[in-house]
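Last residue of the sequence shown: 371 (full-length UniProt numbering), numbering continuous.
For each residue, glycine too, the CB sits at the ideal point set by N, CA and C.
Taking it in order: structure first as structure tokens, then the write-up.
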Amino acid sequence: MNFRITLNYLQKITIGLLFLINLSCKIQAEEVEPEAYQDLTKALQNPLDVRVLDLSEQKLKALPKKIGQLKNLQELNLDANQLTTILKEIEQLKNLQELNLDANQLTTILKEIEQLKNLQVLDFGSNQITTLSQEIGQLQNLKVLFLNNNQLTTLPKEIGQLKNLQTLNLWNNQLITLPKEIAQLKNLQELYLSENQLMTLPKEIGQLEKLQELNLWNNQLITLPKEIAQLKNLQELYLSENQLMTLPKEIGQLEKLQKLYLNANQLTTIPNEIAQLQNLQVLFLSYNQFKTIPVEFGQLKNLQELNLDANQLTTIPKEIGQLQNLQTLYLRNNQFSIEEKKGFESFFQSAKFTLNKISFSELFSPYSLFG
Numbered sequence: 001m002n003f004r005i006t007l008n009y010l011q012k013i014t015i016g017l018l019f020l021i022n023l024s025c026k027i028q029a030e031e032v033e034p035e036a037y038q039d040l041t042k043a044l045q046n047p048l049d050v051r052v053l054d055l056s057e058q059k060l061k062a063l064p065k066k067i068g069q070l071k072n073l074q075e076l077n078l079d080a081n082q083l084t085t086i087l088k089e090i091e092q093l094k095n096l097q098e099l100n101l102d103a104n105q106l107t108t109i110l111k112e113i114e115q116l117k118n119l120q121v122l123d124f125g126s127n128q129i130t131t132l133s134q135e136i137g138q139l140q141n142l143k144v145l146f147l148n149n150n151q152l153t154t155l156p157k158e159i160g161q162l163k164n165l166q167t168l169n170l171w172n173n174q175l176i177t178l179p180k181e182i183a184q185l186k187n188l189q190e191l192y193l194s195e196n197q198l199m200t201l202p203k204e205i206g207q208l209e210k211l212q213e214l215n216l217w218n219n220q221l222i223t224l225p226k227e228i229a230q231l232k233n234l235q236e237l238y239l240s241e242n243q244l245m246t247l248p249k250e251i252g253q254l255e256k257l258q259k260l261y262l263n264a265n266q267l268t269t270i271p272n273e274i275a276q277l278q279n280l281q282v283l284f285l286s287y288n289q290f291k292t293i294p295v296e297f298g299q300l301k302n303l304q305e306l307n308l309d310a311n312q313l314t315t316i317p318k319e320i321g322q323l324q325n326l327q328t329l330y331l332r333n334n335q336f337s338i339e340e341k342k343g344f345e346s347f348f349q350s351a352k353f354t355l356n357k358i359s360f361s362e363l364f365s366p367y368s369l370f371g
């Protein structure tokens with residue numbers, strides 16, 4: 001009897017201890033957000049306690065030298081100020097992980113930046129930077145780099161040393177070429193190059209095996225390298241507003257591609273291999289010079305949105321009727337005859353899909369069919 005009581009007592013104690021251990025683990029697992037200081041004077045009262053300092057939108061024209069006292073600072077936000085340079089004292093912030101200098105008036109990046117070995121996020125967007133120093137390659141832990149809205153014309157080859165970089169934003173600069181060393185960014189997942197002056201891409205771009213999104217909108221590309229087919233994880237490809245006249249047939253090898261934007265180019269044909277893109281959901285071909293599309297289009301079984309606005313189509317390609325998952329179709333500003341337009345409704349009634357939205361030219365704009 002006493003043995004049973006003792007055993008029950010021990011079981012209750014064990015259960016209680018397990019509960020307390022579990023509760024303790026949960027409490028420890030919860031991340032406590034560090035206090036975000038917005039006043040430098042207050043932050044300097046206890047400099048070693050400061051982890052996050054947000055001085056955005058404070059009309060700062062310079063940083064005080066005392067900022068170097070914040071030895072444990074991890075996040076520094078200087079967004080939307082009037083800074084024209086960065087003090088070399090910033091190199092004392094050895095624990096800094098995130099540095100935001102977006103929307104200032106910087107023209108150069110000091111070499112002292114290379115001392116920030118723990119930096120993971122660096123935002124120099126919307127400044128007036130004309131050159132990127134080779135010291136950028138020393139930031140081996142960098143995962144995110146924003147240099148959009150600057151005046152860069154070239155990139156240093158050392159950018160290829162950023163082995164952990166996952167996101168690179170170079171949107172709206174004046175880049176004419178890319179260094180082949182960009183291929184060394186083996187962990188890169190997102191590459192934004194829209195609104196530059198690129199005429200070609202290095203064939204080495206195909207070595208970016210983890211790349212998921214490539215944005216080249218509004219450049220001056222005439223051709224694409226066939227090596228683009230090696231981007232096996234690419235899901236989104238933006239090529240709108242270039243000067244492409246042809247596409248490499250190898251584009252059909254982008255088996256994970258879901259979105260392809262080719263509007264506003266000079267395309268007259270598209271390779272039959274486009275039909276191999278079985279995961280493609282969105283295809284924009286508007287503002288080109290298509291008179292017809294290949295019969296293989298009908299094999300794009302997962303296509304949901306197709307834009308053929310502003311081409312030279314005279315008939316609705318019958319292959320569209322095979323796109324069983326198509327939901328949205330744009331056909332405005334083509335060269336359909338009156339007779340052809342009269343046959344639209346009967347065509348769609350016999351098609352295998354049910355459209356939520358159809359957008360024709362002046363006849364239907366937009367026009368919903370079948371609910």
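Excluding sequence positions up to five before and after Gln174, its CB lies within less than 8 Å of the CB of Gln151, Leu152, Thr153, Asn196, Gln197, all in the same chain and listed in chain order. With contacts defined by Cβ atoms closer than 7 Å, Pro34 and Gln69 do not form a contacting pair. Residues of the same chain with a CB within less than 7 Å of the CB of Leu44, apart from the 5 flanking positions on each side, are Lys66, Gln69 in chain order. In the three-state scheme derived from DSSP, where H, G and I count as helix and E and B as strand, Leu76 is classed as strand. The alpha-carbon separation between Thr108 and Ala351 amounts to approximately 59 Å. Excluding its 5 nearest sequence neighbours in each direction, Thr167 has C-beta neighbours in its own chain below 6 Å: Val144, Glu190, listed in chain order. Straight-line measurement puts the Cα of Phe336 at about 6 Å from the Cα of Thr315.
Distance from Leu329 to Ile320 at the Cβ level is roughly 7 Å; contact confirmed, criterion being Cβ atoms closer than 8 Å.
Residue state for Asn100 is assigned as strand, using DSSP reduced to three classes. If you check the CB distance, Lys111 and Ser133 come in under 7 Å.
Between Ala36 and Val52, the CB-CB gap stays under 7 Å.
Checking the DSSP bridge columns, you'll see Phe146 partnered with Asp123, Asn169. Each of Gln105, Gln289, Gln140, Gln138 was checked against the Cα of Phe124, and the nearest Cα belongs to Gln105. Secondary structure of Glu190 (DSSP, three-state): strand.
Counted as a single uninterrupted DSSP element, the alpha helix (DSSP H) harbouring Leu40 occupies residues 40-43. Secondary structure note for Glu241: it is in no alpha helix (DSSP H), with a DSSP letter that is neither H nor E. In the displayed model, Lys259 falls within a strand according to three-state DSSP. Residue environment analysis places Glu241 among the buried positions, since at least 16 neighbouring C-beta atoms fall within 10 angstroms of its C-beta. Glu305 has Val282, Thr328 as its beta-bridge partners, per DSSP. Measuring C-alpha to C-alpha distances from Asn279 to each of Tyr287, Glu255, Ser286, Phe290 identifies Glu255 as the nearest. Residue environment: Ala62 is assigned as exposed (fewer than 16 neighbouring CB atoms within 10 Å of its CB, all protein chains considered). Taking each of Lys59, Leu216, Lys232, Pro64 in turn and checking the Cα distance to Thr41, the smallest one comes out for Pro64.
Secondary structure of Ala310 (DSSP, three-state): coil. Under the criterion of beta carbons closer than 8 Å, Leu178 and Leu142 do not qualify as touching, at roughly 18 Å.
Here Val52 carries a strand assignment [DSSP, helix/strand/coil]. For Glu319, there is no enclosing alpha helix (DSSP H), as DSSP marks it with neither H nor E. A straight line joining the alpha-carbon of Ser286 with that of Asn265 spans about 9 Å.
Ser126 sits buried, since 16 or more C-beta atoms from the chains shown fall within 10 Å of its C-beta. With a cutoff of 7 Å on beta-carbon distance, Gln327 and Asn302 are scored as not near each other. Assigned with DSSP and collapsed to three states, Asn215 falls in strand. DSSP places Ala62 in the coil class of the three-state scheme, outside both helix and strand.
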